[in-house]
Structure formats: structure tokens, C-alpha cells
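Here UniProt numbering is used: the first residue of the sequence shown is 1, the next is one more, and so on. The beta-carbon is built from N, C-alpha and C at its ideal position, and this holds for glycine as well. Have a look at the structure below before the remarks.
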Amino acid sequence: MQQNLNKNHYLWSLIKYKPLLYTCTIFMRLLTGAIPLIEGMIIKEFFDIMGGKRGSMFKTYELIALIALITLIHILIMRLYFKKSSLHGFYICTLLRRNMLNSIFKNHGRKTIDNSVGEIINSFRDDVSQINTGISWLSTLIGQIIRAIGALIILMFIDVKITLLVFIPLALVIILAQKSEKNIEEKREEGRKATGAVNGAIGEIFESILSIKVSGAKKDLMRNLNMLNDKRYKAMIKDSMLTQLIDSIYNNAINIGTGVILLLGAGAISSRSFTVGDFSIFVYYLAFVTDSIESLGNFVVYFKQTKVGYKNILSQINIEENSEILVKHKGIYLNKYTEEKNYSDKESGGLSCQNQLETLEVRGLTYLYDESENGIKNINFTLKKGEVLVIAGRTGSGKTTLVKSIIGLLPKGKGEIYWNGEKIRDRKKFFIPPISAYTSQVPNLFSDTVKNNILLGLSEKEVDLDGAIKTSVFEKDLEELENGLHTVIGTKGTKLSGGQMQRVAAARMFVRNPQLLIFDDISSALDVVTEKLLWTRLLANDEVSCIVVSNRRFIHEWADNIIVLKDGAIEAQGTLNELLKSSIEFREIIAQ
Numbered sequence: 001m002q003q004n005l006n007k008n009h010y011l012w013s014l015i016k017y018k019p020l021l022y023t024c025t026i027f028m029r030l031l032t033g034a035i036p037l038i039e040g041m042i043i044k045e046f047f048d049i050m051g052g053k054r055g056s057m058f059k060t061y062e063l064i065a066l067i068a069l070i071t072l073i074h075i076l077i078m079r080l081y082f083k084k085s086s087l088h089g090f091y092i093c094t095l096l097r098r099n100m101l102n103s104i105f106k107n108h109g110r111k112t113i114d115n116s117v118g119e120i121i122n123s124f125r126d127d128v129s130q131i132n133t134g135i136s137w138l139s140t141l142i143g144q145i146i147r148a149i150g151a152l153i154i155l156m157f158i159d160v161k162i163t164l165l166v167f168i169p170l171a172l173v174i175i176l177a178q179k180s181e182k183n184i185e186e187k188r189e190e191g192r193k194a195t196g197a198v199n200g201a202i203g204e205i206f207e208s209i210l211s212i213k214v215s216g217a218k219k220d221l222m223r224n225l226n227m228l229n230d231k232r233y234k235a236m237i238k239d240s241m242l243t244q245l246i247d248s249i250y251n252n253a254i255n256i257g258t259g260v261i262l263l264l265g266a267g268a269i270s271s272r273s274f275t276v277g278d279f280s281i282f283v284y285y286l287a288f289v290t291d292s293i294e295s296l297g298n299f300v301v302y303f304k305q306t307k308v309g310y311k312n313i314l315s316q317i318n319i320e321e322n323s324e325i326l327v328k329h330k331g332i333y334l335n336k337y338t339e340e341k342n343y344s345d346k347e348s349g350g351l352s353c354q355n356q357l358e359t360l361e362v363r364g365l366t367y368l369y370d371e372s373e374n375g376i377k378n379i380n381f382t383l384k385k386g387e388v389l390v391i392a393g394r395t396g397s398g399k400t401t402l403v404k405s406i407i408g409l410l411p412k413g414k415g416e417i418y419w420n421g422e423k424i425r426d427r428k429k430f431f432i433p434p435i436s437a438y439t440s441q442v443p444n445l446f447s448d449t450v451k452n453n454i455l456l457g458l459s460e461k462e463v464d465l466d467g468a469i470k471t472s473v474f475e476k477d478l479e480e481l482e483n484g485l486h487t488v489i490g491t492k493g494t495k496l497s498g499g500q501m502q503r504v505a506a507a508r509m510f511v512r513n514p515q516l517l518i519f520d521d522i523s524s525a526l527d528v529v530t531e532k533l534l535w536t537r538l539l540a541n542d543e544v545s546c547i548v549v550s551n552r553r554f555i556h557e558w559a560d561n562i563i564v565l566k567d568g569a570i571e572a573q574g575t576l577n578e579l580l581k582s583s584i585e586f587r588e589i590i591a592q
């Protein structure tokens, strides 16, 4: 990662993402820089004529018309420039955020994010915007420097002495001001950290509303939040004061320069070696030179901030060892609402999604957690179409680890999985709808409506929403909710009971009509009547294939095969009647 940072590989890779568009913005920026130079020459000629110059090839009204025409062209080019520059910025920001989100999704099931949600959101917003600012500022700087060089050359031809006496002191003042910006950046970083702390605290409060109410910790939390806000307030005030101080230096630089030009040019004008037109072009070009010096200093600061933002993103989403992922070029479809999903071999783990399940074979599946002997060892079984496989075992026996290993929610260990005899190369890409669907012990719901939590982007017209709700035994609950399907469930489903959350998650599985359903103890929060009705409705379809983690005897009665786990290994395997006769471990589990 450090090597990439030293070589600025990431910045160059982003610039190369849309090279034609970026080149177009640079070219238009050069044009917008060159046009004011032409305007300055016209203004000089205009004031020279007004001052009594003779022999000009232009008349006064012609110069006014020419200025109006060039100004109109300038406006049109600037409008096109801002459009293209904004489009390029959207591409860069979207690419970075897409790759960040994709990195998190690729590491699903593992500890991907160590920081609070508020800090991650800050990174998605601020760090990404900072990188884009650094790239866009580069094109601006190129245009401004070319314009400043052109302005200095023209002014040197008019009067070398005045040019040097005006711009050298101004350049020194601006450079000294730039040096002091280090303090601004330190204060800005303090403000940013304070903002992240406030956002993180707010996020944690919303995630733990029930716990806060139960423990009566509202006053303590509000006191802590107020303290964090006070720190942020003080940090932002310091940042604002220093920023305004530096801005005042920059803003007054032009006024100071104009005064110097007046002092130096007064005598020259009286001797007619320095015309009114010369004075006007000096004043007009003054801003171009000072702006370019300021922009160069700002770019150095932005460039450093860009590197810090890049490094911060890598650490936030834990991809320091594979940093090229962040700037990997991918298609971004800003003009399309949806991207056509092509279930190629690459996207489906090496198999065609049209390959209907006949047999699922697990051979020698082994996964051990880091620096531990805990996990699963040498798991073997075969699941045929329409069968129900139940995984039973005591707490800590490896049931959840087994199902997560099968579908790729854990890093690949030893062993292979075969779909209809074909080896699955990438499980986490393969075991997704419409191949399979999975619901964990504690389902994840979003702070949205019930309907949106079930569909999650699917079109209601293309799925059997009512059928999924009925199968999950949720139709009566919908009638009791204030707005039915359109009821907002609160933060992570706080308005729903544990059983209702499980059934919303189940409906989300069913609506996708997958070939393989995987349940990790989904009925743990359900009452007996609801549980039996759910399984009765689900298993009424003879073609449904299920892998179920459960110690409930009712479910075991439906099972075609039961795997009993003990210490991560298969203790016994068979039907309910076979295990009741042969397995002491299974009988003890049933008796609990």
C-alpha cells in the first residue's frame, strides 16, 4: 500500500478511468484561461483609444461588440466545462463508493468494519469527495498556471520593472500565507474527528434505543452527546477563524497589488511611457497571477489531503493489503436506472444459474477459526432435490459455522462443494438468489417499510409477494400493523417482535423463489403454532430443498436426513428413527 501511495498510483489510476472526459475538461479549462487574456488585450485597446490613442484598427463600438461576443463564448465554454467536470466528478466518486461497498460485500460474514457507522459514512462522503477534489483541482490548476504565465509574458512586454515590483512581493506574501495553512489543516482535522465522533455517537444511540430505555441511560447519553457537540463546536470555530484570516489575506492581495500599480504607474503615465490601457491590463491580469499562486498552494494541500483520505478509506474498510481494489476500473451507469445482470460463469461461481438443483454434495468441508481448533472438520453429506436436511447439535457444536462455510460467508477452508456434480469455484458468488437464499439466527432488517424489506429492490409485478407473505405466516400480522405493508419498521426492525422479524426475513427468502433454502434456527423466536404452520406451508411443496439448523423435534420429523454435530465433527447421521435408536448425543439434544 505504501508503495502505491509513494508512486501516486491510485491518483493516476483514477485519472485514467475516464481519460477522454478528463482530457476534455483540461482542454476546456485551457480555453477558459486563454479567453480572459484576449479580453485583457481588448480592454487595454479600449482604454488606450479612450485616452486619445490614434491609429487603432478597431473602433470603440467594435471593441465593445467584440468583448460582448467573447464574453458570450466564455460563458458557453464555462457552462460546458462545469457540466463535463461535474460528470467526471460523479464518475470518480461513484467508482470509489462502488468499490468501497463492493469490498465490504465481498468480505460479508467476516469482520470487515472495525469503526462506527458514523465514521464509515464520513469516509464514504468526505474522503471520497476529497479525492475527487484533488483530481478536479489538477485540471483547474493547469488552466490557471497557463493563464498566469501568458499574463506575465504580456505584462513583461509592457513594463518589466513594474511587473517585477508588483508581483514578486505579492508572491512572497501569498507563499507565507500558504505556509501558515498547516495550522488550518490541523484544526480542520480536529473538527473532522469531532464530527465523526458526533455522528458515531448518534448512530450508536439509534441502534440501541431499546437498551437505552431499559437501562434508563438517556440522561448520561445526552450528557455525553452534548460534550461531543461542544468539542466539535470549539474545533469548528477555530477552523473557521483561521480560514477567514487566510482568506482575508488572499482577498486583499489584489487590492494591495492595485495600489502598488497606482504608485509605480503614476509617474510613468505622466511621462506617457505607461498608458491608461497599460494600467487597466495590469489590474485585470493581477488576479490571474495571484489566483494561480494561491491555487498552486491549495493544490499541494489538497493533494496531501487526498493521500490521507485514500489511506483512511483503506483502513476504514480493511483493504490495506489489497489497495488496488479501491481504484479498480468498473462500469458506472449514471444514465441508466438499472444494470442488466448477466449471470455469466464468473458471476455465478463458475456454473450456470439455469442449472437446476439435482444434487448438492459436500466433501471433506473443513474450516477452523484463526489460532483455534474451533470450527468444523471433514463434513460430508449429499442433498437431493426436494429433500430436507436438518443440522442438529449443542450450542457451540459448529452448526452456524457449517452453513456459513457452505455458502461462502466464511473464508474458504479445506473441502469442496459440488452442484449436480460440478465443482463450485466461488461459493459466495454462487450461493445467492436465484440459486439459494439464507436467513441467519438474527436477521438484518432495514429502517424502511415491511414491503421494501421483503422486496429489497425487486419489482412487485415480477414476484409473488402475497404468496411469500402467506408462506411465512405473516398475513395476520400485516393486518395488525398500522399501515400494513407500508409500515415503517423502525431502526433495524424495532417496531416488530422477534418472531415478526424472522418471518419478514423468511418472506424475503421466499419471494426470490430460490432453488435452495437455508435456515439458521429461524423458528427460535416463533411460538409452536406459528412454527408448525410455517413449516407445513413451506414443505407442502415437494420440490423445495432445505438445509435447516434446528434442534426442534417437529422439524426433525420432516427431515430426510439429520446431521448431528459434536465439537465441529459429524457425530451421527440418518433419519429421526435411526438416530433415536443409534445416537446417544441426538437423544440428549432432543431431550433438552
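Sub-8 angstroms separation of residue i and residue j beta-carbons
| i | j | result |
| --- | --- | --- |
| V403 | V549 | yes |
| T25 | H88 | yes |
| L14 | I135 | yes |
| I391 | L565 | yes |
| M509 | L496 | no |
| Q305 | S123 | no |
| L409 | Y367 | no |
| G413 | S405 | yes |
| I469 | E462 | no |
| F554 | A572 | no |
| F282 | I149 | no |
| I209 | L221 | no |
| L63 | F46 | yes |
| I407 | R425 | no |
| G40 | Y284 | yes |
| I313 | D521 | no |
| G196 | G257 | no |
| G499 | T530 | yes |
| A194 | L225 | no |
In DSSP terms, what residue i is bridged to
| i | result |
| --- | --- |
| A437 | L517 |
| S545 | L516 |
| N420 | For N420, which the question treats as bridged, DSSP gives no partner whatsoever. |
| A559 | DSSP lists no partner for A559. |
| V390 | V548, I562 |
| K414 | T366 |
| V301 | According to DSSP, which records beta bridges pairwise, V301 is partnered with nothing at all. |
| V488 | T449 |
Simplified DSSP assignment, three categories, for residue i
| i | result |
| --- | --- |
| R98 | helix |
| T449 | strand |
| R363 | strand |
| F47 | helix |
| K566 | strand |
| N224 | helix |
| E571 | strand |
| N380 | strand |
| G499 | helix |
| G375 | strand |
| V463 | coil |
| V173 | helix |
| M78 | helix |
| S583 | coil |
| F431 | coil |
| M57 | coil |
Beta carbon proximity, residue i to chain D, threshold 8 angstroms
| i | result |
| --- | --- |
| D466 | The displayed structure is made up of one protein chain only, and chain D is not part of it. |
Beta-carbon separation (whole angstroms), residue i vs residue j, contact threshold 8 angstroms
| i | j | result |
| --- | --- | --- |
| S397 | G216 | Contact doesn't hold; Cβ gap of about 38 angstroms is too wide. |
| V260 | L165 | 7 angstroms |
| T401 | I376 | 5 angstroms |
| G265 | R232 | Not quite, the Cβ-Cβ distance comes to about 49 angstroms (not below 8 angstroms), so this is no contact. |
| Y17 | Y91 | 7 angstroms |
| F381 | N561 | 7 angstroms |
| S103 | I319 | 5 angstroms |
| R98 | I332 | 7 angstroms |
| A151 | F288 | 5 angstroms |
> Taking three-plus beta-carbon pairs below 8 angstroms as touching, is the segment 378 to 394 in contact with the segment 531 to 548?
Replying inline: Judged by pairs of C-beta atoms under 8 angstroms, the segment 378 to 394 touches the segment 531 to 548, as three or more such pairs exist.
> Would you say the segment 154 to 169 touches the segment 276 to 289, given that touching needs at least three Cβ pairs under 8 angstroms?
Replying inline: A contact exists between the segment 154 to 169 and the segment 276 to 289.
>> Pairs of beta-carbons, one from the segment 488 to 502 and one from the segment 428 to 448, closer than 8 angstroms: are there three or more?
In response: Touching, per the Cβ criterion.
> Is there contact between the segment 32 to 48 and the segment 62 to 71, where contact requires at least three CB pairs shorter than 8 angstroms?
Replying inline: Flag = yes, the segment 32 to 48 and the segment 62 to 71 touch.
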